[in-house]
Each structure stands twice: as structure tokens, then as C-alpha cells.
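J.: Numbering (our numbering), first residue to last: 1 to 235. The structure follows.
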Amino acid sequence: MSTTTTSPITEIAIIPYASSTSPSDPILDASRHTVSSQPGFLSLYHGGRLESPTTLQNWAITWTTLAAHRAFEASPAYQPFLERLGPLLDGPAHIVHYAFQDAAGAERAYGAPATEFATLYVGAGDKEAREALQKRVEHLFDVFRESKAGGWHGGTWGWSEEEVELEGLGEGGEKGKGKACLVVMGWDSKEAHEAYRGTEAFKGAIDPVREVVKKSEMWHCGMQKYQGGQGSATG
């Protein structure tokens, strides 16, 4: 599948909070308000990783187009936005844009008590691996639906708009470039997901996925929707 810059794009920002940062800091809410005020903004979900809730946060920001986000980055509001956030962070945010297959599926995933983010990487330019991974991820979703996975709320997946550069994507496991396929799924709890991972249905569907990826990452978040100034103090 090829992505396009003229359809909705979701910006996934992994934000490293400093250890001294409070999730209720009003600067965080003001920063989300700045984002939500931009032309082309559609939605923003945010929350801490359940594996490291006080230090790593996920913001999932959906824009009408990639150009809308780029316009914000080029606007007079962007540098002050970064300068306000900077003292609260332990480094720069890591941002990748994804074109999801199903916007409603993403909403279901974000609205669940626990949201799984699984990122699957293939080498840059490896068309064969990309096509194989896409088919196997689609099959994975079929298995989840057909097996009526306990505690599963649904979800979606999509390819990164840009190439990413990480250790493990190059020759011999060295640093290299690749494309990322992000799977987002909603669960009743992290434990519900872990329980399903132990089933034969899951094992039979995930093994073919693992065969074609060069690297993978997975974590869970407790996401909430930003409501225009009504954000709570959880992340």
C-alpha cells in the first residue's frame, strides 16, 4: 500500500517526560490546546505507557493531511510551542506519521482501557517484505475477529509516511533505514492482551508476522481524548 499526503495522517509522538514533570502541569494542557487550535487538526489522544507511565507519553494526533501538520511546524506558533514544552522533557520527541487503514478502528483502540502499540519494521526498499507483512497483518486481524479474542476492542494498522532509522534495520543488525507498520489495538486491560498472546490462535497468526520483520517494539498506554482544555491529570 502506498500512503498519500492528501488523506488523514496520524502523528505518533513519543514524548520523554523529565522525571520532575507532573502529568498535571498546566503547560502540558496548554500545549495540547495549541495543537488542537491549528488548521487541519482532527483529534488528539494522549496517555502514559503502562510499562513506564511517569516518563514516556504517547500523543496520537490526527490531521486532515500531512501538509496540515507541516504547516503548523512552519507557523509562528511552533517555536514558542517547543520552547514551552522543552523544560518538561528529557529529550526531543520521536515523531512518525502513519496512514491508518480504518479511522474508526483507531478510535476504538484509543478508547479502550489499554491501547496496544506494536511497531513492525522492514528494511527500506524491501518491497517483497513489505507486501508479505501487509498480508500477514491483515490475516492477524482476521484471526482476532474470528477467534473472538477475549477483551479485544478492535483496532487498525498503517504504514509510516517516512522512513525511520534505527539499530537493527541495517545489514548485520547495524543501524539502518526502514519502513514501520504500526498496529494499534484496544484491550480491556494489559493482562487481557497478555492472556490472548498465550492462545494457539494468536501464536499461529503472529509467527508468520515475526518471520518477515527485522525489528519490532510493543507497549501499552492508557489513552484519553483531549477535549479542548478539559484534559485530566493522567498524562
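Idealized CB from N, CA, C, for every residue including glycine. Just so it is clear, the structure is predicted and the values come from calculations on it, not from any experiment.
Using the C-alpha atoms, what's the distance from V137 back to E200?
T.: 17 Å
J.: Only counting the same chain, and skipping five residues up and downstream in sequence, which positions put a Cβ closer than 7 Å to that of F81?
T.: S31 and T34
J.: Throw me the rounded Cβ distance for the Y110 and Q57 pair, which I believe falls under 8 Å.
T.: With a Cβ gap of about 14 Å, Y110 and Q57 do not count as contacting.
J.: Go to V122, then tell me how far its beta strand (DSSP E) extends in each direction, as first and last residue.
T.: A114 to G123
J.: By a C-beta neighbour count over all protein chains shown, 10 Å radius and 16 as the cutoff for buried, is R197 buried or exposed?
T.: exposed
J.: Would you mind sorting A106 into buried or exposed? The rule is 16 or more other CB atoms within 10 Å of its CB.
T.: buried
J.: Out of T54, T115 and Y98, state which residue places its alpha-carbon closest to the alpha-carbon of V184.
T.: T115
J.: Let's see if you can read the secondary structure: which residues bound the alpha helix (DSSP H) around L66?
T.: Note, L66: alpha helix (DSSP H), L66 to E73.
J.: Touch check for the stretch 201-213 and the stretch 115-132: three-plus C-beta pairs under 8 Å?
T.: yes
J.: When DSSP labels each residue in this structure, what does K127 get in the three-state scheme?
T.: In this structure, K127 counts as helix in the three-state DSSP scheme.
J.: For Y226 versus H46, is the C-beta distance shorter than 8 Å?
T.: yes
J.: Per DSSP, I95 forms a beta bridge with which residues?
T.: A13
J.: Let me check understanding here. Comparing Cα to Cα, which of L133, S24, H193 and E167 lies closest to W236?
T.: Because the chain here runs from 1 to 235, residue 236 falls outside it and cannot be looked at.
J.: For the alpha helix (DSSP H) that contains L82, what are its first and last residues?
T.: Y78 to L85
J.: Find the nearest neighbour of S20 within the set I14, S147 and L88, judged by alpha-carbon distance.
T.: L88
J.: Between the alpha carbons of H153 and F202, how many angstroms are there, rounded?
T.: 16 Å
J.: In angstroms with no decimal places, state the Cα-to-Cα distance between D43 and T62.
T.: Strictly speaking, residue 43 in this sequence is Ser, with Asp absent from that position. Answer to the nearest angstrom: the Cα atoms are 5 Å apart.
J.: Please report how far the alpha carbon of T10 lies from the alpha carbon of G150, in whole angstroms.
T.: 27 Å
J.: Grouping DSSP H, G and I as helix and E and B as strand, with all else coil, what is E217?
T.: strand
J.: Taking the beta carbon of M218 as the centre, do at least 16 other beta carbons fall within 10 Å, making it buried, or is it exposed?
T.: exposed
J.: Could you tell me which residues DSSP pairs with T62 in its beta bridges?
T.: T10 and S43
J.: Going by beta carbon distance, what residues of the same chain come within less than 6 Å of E167, once the five residues before and after it are set aside?
T.: The beta carbon of E167 sits closer than 6 Å to the beta carbons of K175 from its chain, once the five residues preceding and following it are set aside; these are given in chain order.
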